[in-house]
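For reference, the structure discussed in these notes is given below.
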Amino acid sequence: MPPRVVLQHSDITRALTRIAHEILESNRGPESLVLLGIPTRGVILADRLAALVERFTGTAVPSGALDVTMYRDDLGRNPTRAPSPTRIPDGGIDGRTVVLVDDVLYSGRTIRAALDALADHGRPRIVRLAALIDRGHRELPIRPDFVGKNLPSAVTERINVRLTEVDGAEEVTIEG
1087 MPPRVVLQHS DITRALTRIA HEILESNRGP ESLVLLGIPT RGVILADRLA ALVERFTGTA
1147 VPSGALDVTM YRDDLGRNPT RAPSPTRIPD GGIDGRTVVL VDDVLYSGRT IRAALDALAD
1207 HGRPRIVRLA ALIDRGHREL PIRPDFVGKN LPSAVTERIN VRLTEVDGAE EVTIEG
């Protein structure tokens, strides 16, 4: 069965716009905010959210990348992923509100690794989580603060987020 498109370009844009507004409301503005994306697509989403926040408020919000590869608890089973560079914005994360951004939230293990990686780079005042897709099946007590779309799925199904910057297309599909 071919993949089924569940979000198109306009749906992704609308979800990110809503998430950006929710982040601003939760934080009571853009002050002391840092957006850190989890490679690969989370970084793109964090950059897009930062641009939206700047468009809404006129204030630039730093964004960066937080590689979690070496903090994962499944490296022995899946050693094929190459690390990506971590980019912490100037000014660091100490005492700031950090929003971790990922494309798909599934078991919660990537976010657990992100929290460990984050601790090596400073001590945020608070950490929030934004995910474009929450597909359920959590193995750890982790939940997103900001969600683009809840997409309940079977464990056997695969959710694919495709973004123009990486994939040349803009959509979310489910297959399996």
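Numbering (my numbering), first residue to last: 1087 to 1262.
The C-beta atom is built at its ideal place from N, Cα and C for all residues, glycine as well.
Since the model is a prediction, treat every value here as computed from it, not as a measurement.
Neighbour-count burial assignment, residue i, 16 or more Cβ in a 10 Å radius
i: ASP1176; result: exposed
i: THR1196; result: buried
i: ARG1229; result: exposed
Counterpart residues of residue i in DSSP-defined beta bridges
i: VAL1269; result: With the chain running from 1087 to 1262 in the structure shown, residue 1269 is simply not present.
i: GLY1150; result: LEU1122
i: ILE1045; result: Any answer about residue 1045 is impossible in this case: the structure gives the chain only from 1087 up to 1262.
i: ASN1236; result: ASP1220
Endpoints, the alpha helix (DSSP H) within which residue i is located
i: ILE1130; result: 1127 to 1143
i: ASP1051; result: There is simply no residue 1051 to check, as the chain begins at 1087 and stops at 1262 in what is shown.
Terminal residues of the beta strand (DSSP E) in which residue i lies
i: THR1250; result: Note, THR1250: premise wrong, no beta strand (DSSP E); alpha helix (DSSP H) at 1250 to 1253.
i: ILE1212; result: 1212 to 1220
i: THR1183; result: 1183 to 1191
i: GLY1178; result: GLY1178 -> no beta strand (DSSP E), and no H or E assigned at all.
Local conformation of residue i per DSSP, three classes
i: ALA1106; result: helix
i: THR1099; result: helix
beta-carbon residue i near the ligand PLP non-hydrogen atom, thresh 7 Å
i: ASN1113; result: Looking at this structure, you won't find the ligand PLP or any other ligand, since it has none at all.
- Task: Inspect the CB distances between the segment 1126 to 1139 and the segment 1174 to 1193 and report whether three or more fall short of 8 Å.
- Result: yes
- Can at least three beta-carbon pairs, one atom from the segment 1204 to 1216 and one from the segment 1236 to 1250, be found at a separation below 8 Å? no
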